[in-house]
Amino acid sequence: NAGVTQTPKFRILKIGQSMTLQCTQDMNHNYMYWYRQDPGMGLKLIYYSVGAGITDKGEVPNGYNVSRSTTEDFPLRLELAAPSQTSVYFCASRVIGTGAPSSGYTFGSGTRLTVV
Amino acid sequence: AQSVTQPDIHITVSEGASLELRCNYSYGATPYLFWYVQSPGQGLQLLLKYFSGDTLVQGIKGFEAEFKRSQSSFNLRKPSVHWSDAAEYFCAVGAKIQGAQKLVFGQGTRLTINP
Numbered sequence: 109n110a111g112v113t114q115t116p117k118f119r120i121l122k123i124g125q126s127m128t129l130q131c132t133q134d135m136n137h138n139y140m141y142w143y144r145q146d147p148g149m150g151l152k153l154i155y156y157s158v159g160a161g162i163t164d165k166g167e168v169p170n171g172y173n174v175s176r177s178t179t180e181d182f183p184l185r186l187e188l189a190a191p192s193q194t195s196v197y198f199c200a201s202r203v204i205g206t207g208a209p210s211s212g213y214t215f216g217s218g219t220r221l222t223v224v
Numbered sequence: 197a198q199s200v201t202q203p204d205i206h207i208t209v210s211e212g213a214s215l216e217l218r219c220n221y222s223y224g225a226t227p228y229l230f231w232y233v234q235s236p237g238q239g240l241q242l243l244l245k246y247f248s249g250d251t252l253v254q255g256i257k258g259f260e261a262e263f264k265r266s267q268s269s270f271n272l273r274k275p276s277v278h279w280s281d282a283a284e285y286f287c288a289v290g291a292k293i294q295g296a297q298k299l300v301f302g303q304g305t306r307l308t309i310n311p
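Protein sequence lines, in the order shown, are assigned to chains A and B. Just so you know, we're using this note's numbering here: the first sequence kicks off at 109 and counts up by one. Just so you know, we're using this note's numbering here: the second sequence kicks off at 197 and counts up by one.
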């Protein structure tokens, strides 16, 4: 059971380049999330998904896009990289059933992105 | 709006001393509360969580936290810290926002341990 897997672990991009951060979970979790972490700011929600085919914006969505074609995968796309997107990105998932929350959040190990 | 405040950005304690990290939240309904720890360059590890029931919650690595509804607080404690506890600690509230469950984080508290 691998949990939440993020690739790559590190990446350096030039301004204006694009890339996709991959996130895969093998726990059949319905909810998936993308967060970014900046020093002294905690984690901010970028996008989330409540199930395959359904995505929605979080707190800081500008400059990013997501898709959720399967339950397992939730890639995050940067179309035109900017220095402000230098950050550490975390993917997370959880299963939400009816009533009380069914599980805690499982986080991936993160992707450290630098835009130069 | 839902928010989490960790008043202390950086705390330094001596090894063997007791520790308390503060966390205050703002949320209109019953909160689901979490503490995570992050070692340098690493991901987030769940220390403990509160969903309901006993307001004193035991976690891993000897940590505990107490939920106080009247104070909107969920402070993290450890009776005797070890050098390996040096890390950044995040408090978070699980909230239903715009129809979906989300995790809202505090700014984090960086813990330094003096030998």
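Glycine residues also receive a C-beta, built at the ideal position from the N, C-alpha and C atoms. The structure displayed is predicted, hence computed values, not measured ones.
Given that a residue counts as buried once 16 or more other Cβ atoms are within 10 Å of its Cβ, and exposed if not, what is residue i?
{"i": "I118 of chain A", "result": "The amino acid occupying residue 118 of chain A in the given sequence is Phe; Ile does not appear at that position. Classification for F118 of chain A: exposed."}
{"i": "I154 of chain A", "result": "buried"}
{"i": "W279 of chain B", "result": "exposed"}
{"i": "A190 of chain A", "result": "exposed"}
{"i": "G216 of chain A", "result": "buried"}
{"i": "Q133 of chain A", "result": "buried"}
{"i": "Q234 of chain B", "result": "buried"}
Span of the beta strand (DSSP E) holding residue i?
{"i": "A288 of chain B", "result": "283-293"}
{"i": "E260 of chain B", "result": "260-264"}
{"i": "T308 of chain B", "result": "305-310"}
{"i": "A213 of chain B", "result": "Note, A213 of chain B: premise wrong, no beta strand (DSSP E); not H, not E."}
{"i": "Y246 of chain B", "result": "241-246"}
{"i": "I123 of chain A", "result": "I123 of chain A -> no beta strand (DSSP E), and no H or E assigned at all."}
{"i": "V300 of chain B", "result": "296-301"}
{"i": "T226 of chain B", "result": "Counting along the chain, T226 of chain B falls outside any beta strand (DSSP E), and DSSP gives it neither H nor E."}
{"i": "Q114 of chain A", "result": "112-115"}
{"i": "T222 of chain A", "result": "219-223"}
{"i": "Q254 of chain B", "result": "252-254"}
In angstroms with no decimal places, state the Cα-to-Cα distance between residue i and residue j.
{"i": "V224 of chain A", "j": "L121 of chain A", "result": "6 Å"}
{"i": "H206 of chain B", "j": "G239 of chain B", "result": "19 Å"}
{"i": "P227 of chain B", "j": "A288 of chain B", "result": "10 Å"}
{"i": "L272 of chain B", "j": "G111 of chain A", "result": "26 Å"}
{"i": "Q198 of chain B", "j": "S268 of chain B", "result": "12 Å"}
{"i": "M226 of chain A", "j": "G159 of chain A", "result": "Here chain A comprises residues numbered 109 to 224, so residue 226 of chain A is not present and cannot be evaluated."}
{"i": "Y197 of chain A", "j": "W142 of chain A", "result": "7 Å"}
{"i": "S126 of chain A", "j": "L188 of chain A", "result": "5 Å"}
{"i": "F259 of chain B", "j": "L243 of chain B", "result": "7 Å"}
{"i": "Q241 of chain B", "j": "T179 of chain A", "result": "23 Å"}
{"i": "V300 of chain B", "j": "R176 of chain A", "result": "22 Å"}
{"i": "G124 of chain A", "j": "E216 of chain B", "result": "45 Å"}
{"i": "C131 of chain A", "j": "R202 of chain A", "result": "13 Å"}
{"i": "S266 of chain B", "j": "N220 of chain B", "result": "11 Å"}
{"i": "T128 of chain A", "j": "G148 of chain A", "result": "25 Å"}
Among the options, which has the Cα closest to the Cα of residue i?
{"i": "G249 of chain B", "options": "B:K264, B:S235, B:F286, B:Y221", "result": "B:K264"}
{"i": "D204 of chain B", "options": "B:S222, B:A213, B:A197, B:R218", "result": "B:R218"}
{"i": "P169 of chain A", "options": "A:G161, A:N138, A:L186", "result": "A:L186"}
{"i": "C105 of chain A", "options": "A:M140, A:I123, A:S126", "result": "Any property of residue 105 of chain A remains undetermined from this structure, which presents chain A solely from 109 to 224."}
{"i": "G150 of chain A", "options": "B:Q294, B:T201, B:L215, B:V253", "result": "B:T201"}
{"i": "G224 of chain B", "options": "B:G237, B:F247, B:A291, B:A213", "result": "B:A291"}
{"i": "E211 of chain B", "options": "B:Y246, B:P275, B:T251, B:Q297", "result": "B:P275"}
{"i": "A213 of chain B", "options": "B:V277, B:K298, B:V233", "result": "B:V277"}
{"i": "A296 of chain B", "options": "A:L129, A:G148, A:T163", "result": "A:T163"}
{"i": "F286 of chain B", "options": "B:E216, B:F230, B:Y221, B:S222", "result": "B:F230"}
{"i": "D281 of chain B", "options": "B:Y246, B:G237, B:T308", "result": "B:T308"}
{"i": "H137 of chain A", "options": "A:S195, A:G218, A:F182, A:R220", "result": "A:F182"}
{"i": "I165 of chain B", "options": "A:P116, A:K165, A:T194", "result": "Examination of residue 165 of chain B is not possible in this model, given that chain B is present from 197 through 311 alone."}
Check your understanding: Whole beta strand (DSSP E) runs in the region 132-156 of chain A with 3 or more residues, listed along the chain?
Key -> 139-145
Check your understanding: For the region 156-209 of chain A, which segments carrying the beta strand (DSSP E) assignment without a break, of at least 3 residues, lie completely within its bounds, in sequence order?
Key -> 162-165, 172-174, 184-186, 195-202
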